[in-house]
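J.: Take this structure first; my questions come after.
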Amino acid sequence: MKNKNTATHGFGPKEYLLCAAATLAVFLLCVCLGSVNLPLADTLAAFRDILTGTVPEETTLAYRILQPVRLPRILCASLSGAALSLCGACMQGLLKNPLADGSTLGVSAGASLGAICSIAFGFSVPGLLFSGTMVSAVIAAFISLAIILSFAYRLDASLSTNTIILIGIVYSMLVSAMSNLVITFAGDRVKTITFWNMGSLQGTSYPNAAALAICLLVCGGILLLTAEELNAFSIGEENARSIGVNVRAVRLRVLICVSILIGVCVSIGGSISFVGLITPHLVRPLTGPNHKRLLPASLFGGAIFLLLADLCARTILAPRELPIGVVTSIVGSILFVHIFYTGRKQR
Amino acid sequence: MEKAELLSVQNLSVALSGKHILQDVSFTLNEGDWLMLIGPNGAGKSTLINAVSQAIPYSGNIRILGKDSKQMKSRSLARAIGVLNQNHYVGYGFTVEEVIRLGLYSHREGFFSLRAPSKSAENSAFGKAKYTSFDPDQAVFDAAGKTGLTELLSHSILTLSGGELQRTFLAQLFVQDPQILILDEPANHLDLIYQQQIFSLVKEWQSRPDRAVLSVVHDLSLAKKYGSRALLLRNGQTAALGTVSEVMSPELLESVYSMDVYAWMQDLYGRWSR
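Order-wise, the sequence lines are chains A and B. For the first sequence, the numbering used here begins at -5 and goes up steadily by one. For the second sequence, the numbering used here begins at 23 and goes up steadily by one.
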């Protein structure tokens, strides 16, 4: 790592392969473990059947558990983890604020409000599968980001760390109150909304995973290609403008991608907080702040983090299940205090 | 031979929340000029710089290299104008090299292809005709060498002193190599030795063809030594524009600064005779 090239250049094929292998290993571990533990050989056999599309005549236990329940859920966990972490890393760079994240800025809360409205009032875009919650969550996420940032710029053009987080907290409170208001009028749908709102990947489906994968491919791809601009932003917006970054266009591009990713994640898994805050902090000591390395590392790191969190949620109190949001919040807040504390001491 | 006009500002006005910060300021910057912006605090010097670098909304007409600045794309604007800001608050531990390397951004078209900066063949190494083709690594290394940062290239910017940080961003500008250099208090945070170095580096940079400098300085002695022309601002309006000796006359300075500037300077610097 002392080599000059690794210090300034992005992820090479070797790094990508290494991270993919690690993610795959954790993925397999999570597939095998659960309220029912499956031997690796059976799991792999079931995988082969699912991938080739053949339904064995005598379905094994592994196949019956994996195909309808566990596999889509784990796919969703890894994809949401990757998407949320990428968003966190991008926002921390764009706003030059190490505390920025969908949950601290109130974007997740905003997306939740959108999704809750759509569940409670049952509106949807005709012709699109589960479009109601997803589209309204994405739109609400974008509007939230726009509101929070325009307020922050108006109050303090330098976007200092504290101002924007404070606005995010106030906004979260306001939006949560509105969510609760909607829930009180939701009648018989209260239970669905409440459980979903705590953050749960239970009952996710293949179409969910496909939607996540497509969004991650498109928006995540765009974000990864914006790494150099994000480097400039995280050194300072003035400096970014001086070196020739189209500040407004890049900011809009990042905000749209982040809103889409967070909106989709929230509509599928509820508000799973802290993932986007913690993962970039965990990988930064390994990669440094350069987004060319930080973003891909956060992508894989986030997948691994959420896979493990989901594993805990499924197994710790098995056969009962914890909402994954509870697990990430507990683990995340402890980790965050630890990082904050050690960071302080080093200075 | 007529000197080429690099920057022309006409009737520039800036109003923030109903208050006029700048009113009807006009000037031009020709090849080889070093225009010093002087005036007391709050005269609108930094605002003028922000407007010229397109960072804030303004009314009036600014033409950069003959083009309407509002129509220019970010990257071509950055190839024409580079700004060294006064304050650098840095949050993340980028290395000095990573920061300097960002100066190459405007020379890249689109996402990947690296294009040689305009006139790089004769100009990039400060007129030494060093490169046959533009080598980004060499440009970064040269800029670091000129600013005395070679030893610090792999250091985190969080560990730098204010002066080292300022030199890092200056090195970034040298890599960016715009035709017009805008400096907001370039000697801020700098030790005397680096203050002298920075000013002579900028002087050397500016003496190449097709280059000009616009800078804000508080230290009037520096303005007198390095400036070719000066713009004196008072309450957002032009008090005087012309050569340094014209603008920095005892009478004009006294009326704008409300003190006998010459007497103070003589009092300050008269003590230095050996």
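From the three backbone atoms N, C-alpha and C, an ideal C-beta is built for every residue, glycine too. Just so you know, these numbers come straight off a predicted model, no measurement behind them.
Helix, strand or coil, according to DSSP, for K95 of chain B in the structure here?
T.: Counted from its first residue, the second sequence places residue 95 of chain B at position 73. K95 of chain B falls in the coil class under three-state DSSP.
J.: What would DSSP say about F148 of chain B, mapped onto helix, strand or coil?
T.: For the purposes of this step, residue 148 of chain B is taken as residue 126 along the second sequence, with counting starting at 1. Confidence in F148 of chain B is poor, its pLDDT being 49 and thus under 50, which makes the residue's placement unreliable; the coordinate value appears in the next sentence. Reduced to three states, the DSSP call for F148 of chain B is coil.
J.: Name the two residues that bound the continuous alpha helix (DSSP H) containing R58 of chain A.
T.: The residue you call residue 58 of chain A lines up with position 64 of the first sequence. Taken as a continuous stretch (DSSP letters only), the alpha helix (DSSP H) holding R58 of chain A covers 55 to 59.
J.: Give the secondary structure of F116 of chain B by DSSP, where H, G and I count as helix, E and B as strand, and everything else as coil.
T.: For the purposes of this step, residue 116 of chain B is taken as residue 94 along the second sequence, with counting starting at 1. Of the three classes helix, strand and coil, the one that applies to F116 of chain B here is coil, per DSSP.
J.: Look at the alpha carbon of A15 of chain A and the alpha carbon of G264 of chain A, and state the distance between them as a whole number of angstroms.
T.: Within the first sequence, numbered from 1, the residue matching residue 15 of chain A stands at position 21. Within the first sequence, numbered from 1, the residue matching residue 264 of chain A stands at position 270. If you take the alpha carbons of A15 of chain A and G264 of chain A, they lie about 28 angstroms apart.
J.: Opposite V36 of chain B in the DSSP bridges: which residues?
T.: As a first step, residue 36 of chain B must be located in the second sequence, where it is residue number 14. Answer is B:L44, bridged to V36 of chain B.
J.: Just the C-alpha distance for S135 of chain B and S237 of chain B, rounded to the nearest angstrom, thanks.
T.: Start at 1 with the first residue of the second sequence, and residue 135 of chain B comes out as number 113. Start at 1 with the first residue of the second sequence, and residue 237 of chain B comes out as number 215. Residue placement at S135 of chain B cannot be trusted, given a pLDDT of 42 that sits under 50; the coordinates are not used to answer.
J.: Going by Cα to Cα distance, which pick from A:G47, A:L224, A:L255 is closest to A243 of chain A?
T.: Here residue 243 of chain A is taken as the residue at index 249 of the first sequence, counted from 1. Cα-wise, what sits closest to A243 of chain A is A:L224.
J.: State yes or no: is the C-beta of L126 of chain B within less than 8 angstroms of the C-beta of V36 of chain B?
T.: Taking the first residue of the second sequence as position 1, residue 126 of chain B is located at position 104. Taking the first residue of the second sequence as position 1, residue 36 of chain B is located at position 14. Contact flag unset, no.
J.: In chain A, which residues lie with their C-beta within 9 angstroms of the C-beta of Q198 of chain B?
T.: For the purposes of this step, residue 198 of chain B is identified with residue 176 of the second sequence, where counting begins at 1. Neighbours of Q198 of chain B on chain A, chain order: S236, I237, G238.
J.: Going straight from the alpha carbon of V184 of chain A to that of A131 of chain A, what length do you get?
T.: If you number the first sequence from 1, residue 184 of chain A lands on position 190. If you number the first sequence from 1, residue 131 of chain A lands on position 137. If you take the alpha carbons of V184 of chain A and A131 of chain A, they lie about 18 angstroms apart.
J.: Counting pairs of beta carbons, one from the region 110 to 124 of chain B and one from the region 214 to 229 of chain A, are three or more of them closer than 8 angstroms?
T.: Enough Cβ pairs lie closer than 8 angstroms, so yes.
J.: Between which two residues does the beta strand (DSSP E) harbouring L59 of chain B extend?
T.: Locating residue 59 of chain B in the second sequence gives position 37, counting from the first residue. Start and end: 56 to 60.
J.: Starting from T198 of chain A and walking both ways along the alpha helix (DSSP H), at which residues does that stretch end?
T.: Position 204 of the first sequence, counted from the start, is the residue given in the question as residue 198 of chain A. First-last for T198 of chain A: undefined, no H or E at that position.
J.: Does DSSP put Q160 of chain B in a helix, in a strand, or in coil?
T.: Counting from one through the second sequence, the residue named residue 160 of chain B turns up at place 138. DSSP places Q160 of chain B in helix when its eight states are reduced to three.
J.: Give me the residue from B:I43, B:A73, B:D46, B:S39 with the minimum Cα distance to A206 of chain B.
T.: Counted from its first residue, the second sequence places residue 206 of chain B at position 184. What sits at residue 206 of chain B in the sequence shown is Asp, not Ala. D206 of chain B has its Cα closest to that of B:A73, out of B:I43, B:A73, B:D46, B:S39.
J.: Note down, in chain order, all residues in the region 94 to 108 of chain B with a beta-carbon under 9 angstroms from any beta-carbon belonging to chain A.
T.: Residues passing the 9 angstroms Cβ filter: K95, S96, R97, S98, L99, A100, R101, I103, G104, V105, L106, N107.
J.: Can you tell me whether A1 of chain A is helix, strand or coil according to DSSP?
T.: Here residue 1 of chain A refers to the residue found at position 7 of the first sequence. Its pLDDT being 45, under 50, A1 of chain A is placed unreliably by the model, and the measurement read from it follows with that caveat. In this structure, A1 of chain A counts as helix in the three-state DSSP scheme.
J.: Would you please verify whether the beta carbon of S128 of chain B is less than 8 angstroms from any beta carbon of chain A?
T.: Along the second sequence, one-based indexing puts residue 128 of chain B at 106. Output row for S128 of chain B: interface = yes.
J.: Give me the DSSP bridge partner(s) of F330 of chain A.
T.: On the first sequence, residue 330 of chain A is found 336 positions in, with the first residue counted as 1. Paired residue(s): none; F330 of chain A is not in a bridge.
J.: For my contact list, G82 of chain B and L254 of chain B are in at a C-beta cut-off of 8 angstroms; report their separation, rounded to the angstrom.
T.: Stepping through the second sequence from its first residue, residue 82 of chain B is reached at position 60. Stepping through the second sequence from its first residue, residue 254 of chain B is reached at position 232. So it is not a contact: roughly 19 angstroms between Cβ atoms.
J.: Taking just the CA atoms, how far does L180 of chain B sit from K141 of chain B?
T.: Numbered from its first residue, the second sequence carries residue 141 of chain B at position 119. Numbered from its first residue, the second sequence carries residue 180 of chain B at position 158. Confidence is the limiting factor: at K141 of chain B the pLDDT is only 43, short of 50, which leaves the residue's position unreliable, though a coordinate-based value still follows. Roughly 34 angstroms separates the two Cα atoms.
J.: Tell me which residues share the same chain as V101 of chain A and place their Cβ nearer than 6 angstroms to its Cβ, disregarding the 5 neighbours each side in the sequence.
T.: Here residue 101 of chain A refers to the residue found at position 107 when the first sequence is read from its first residue. Same-chain partners within the cutoff: A135, S138, L139, I256.
J.: Mind checking which residues open and close the beta strand (DSSP E) that includes L255 of chain B?
T.: The residue labelled residue 255 of chain B in the question sits at position 233 within the second sequence. 251 to 256 is the extent of the beta strand (DSSP E) around L255 of chain B.
J.: Confirm, please, whether the CB-CB distance from M128 of chain A to A76 of chain A is below 8 angstroms.
T.: Here the question's residue 76 of chain A lines up with position 82 in the first sequence. Here the question's residue 128 of chain A lines up with position 134 in the first sequence. Their beta carbons are not under 8 angstroms apart, which means A76 of chain A does not touch M128 of chain A by this criterion.
J.: Just verifying my parser: in three-state terms, what is the DSSP assignment at V20 of chain A?
T.: For the purposes of this step, residue 20 of chain A is identified with residue 26 of the first sequence, where counting begins at 1. Of the three classes helix, strand and coil, the one that applies to V20 of chain A here is helix, per DSSP.
J.: Given a cut-off of 8 angstroms, decide if I43 of chain B and G258 of chain B are closer than it, judged by their beta-carbon atoms.
T.: As a position in the second sequence, residue 258 of chain B is number 236, starting the count at 1. As a position in the second sequence, residue 43 of chain B is number 21, starting the count at 1. Their beta carbons are under 8 angstroms apart, which means G258 of chain B touches I43 of chain B by this criterion.
J.: Any beta carbon of chain B sitting closer than 8 angstroms to that of I59 of chain A?
T.: Looking up residue 59 of chain A in the first sequence gives position 65. It does not; no Cβ of chain B falls within 8 angstroms.
J.: Within the same chain, show all residues whose beta-carbon is closer than 8 angstroms to that of L289 of chain A, passing over the 5 residues directly before and after it, in chain order.
T.: Walking along the first sequence from the start, residue 289 of chain A turns up at place 295. Counting only Cβ-Cβ distances below 8 angstroms, and skipping sequence neighbours, we find L80, A83, C84, L217, L218, A221, L224.
J.: At the level of alpha carbons, what is the spacing between L342 of chain A and A26 of chain B?
T.: In the structure displayed, chain A extends from -5 to 341; residue 342 of chain A sits before or after that span and is not available.
J.: L59 of chain B to K95 of chain B, Cα distance in whole Å?
T.: Residue 59 of chain B sits at position 37 when you count from the first residue of the second sequence. Residue 95 of chain B sits at position 73 when you count from the first residue of the second sequence. Roughly 26 angstroms separates the two Cα atoms.
J.: Can you tell me where the alpha helix (DSSP H) holding A114 of chain A begins and where it ends?
T.: Taking the first sequence and counting its residues from 1, one reaches residue 114 of chain A at position 120. Taken as a continuous stretch (DSSP letters only), the alpha helix (DSSP H) holding A114 of chain A covers 101 to 115.
J.: Which of the three DSSP states, helix, strand or coil, is assigned to E27 of chain B?
T.: Mapped onto the second sequence, residue 27 of chain B falls at position 5. Strand.
J.: What do you reckon, are the CB atoms on V121 of chain B and Q194 of chain B nearer than 8 angstroms?
T.: Here residue 121 of chain B corresponds to residue number 99 of the second sequence, with the count starting at 1. Here residue 194 of chain B corresponds to residue number 172 of the second sequence, with the count starting at 1. For V121 of chain B and Q194 of chain B, yes; Cβs fall inside 8 angstroms.
J.: Taking the C-alpha atoms as reference points, what is the distance between S166 of chain A and E52 of chain A?
T.: The residue you call residue 166 of chain A lines up with position 172 of the first sequence. The residue you call residue 52 of chain A lines up with position 58 of the first sequence. Rounded to whole angstroms, S166 of chain A to E52 of chain A spans 51 angstroms at the Cα level.
J.: Apart from the five residues on each side of it in sequence, which residues of its chain come closer than 8 angstroms, Cβ to Cβ, to Y10 of chain A?
T.: Translated into positions along the first sequence, residue 10 of chain A becomes position 16. Here the set comprises P290.
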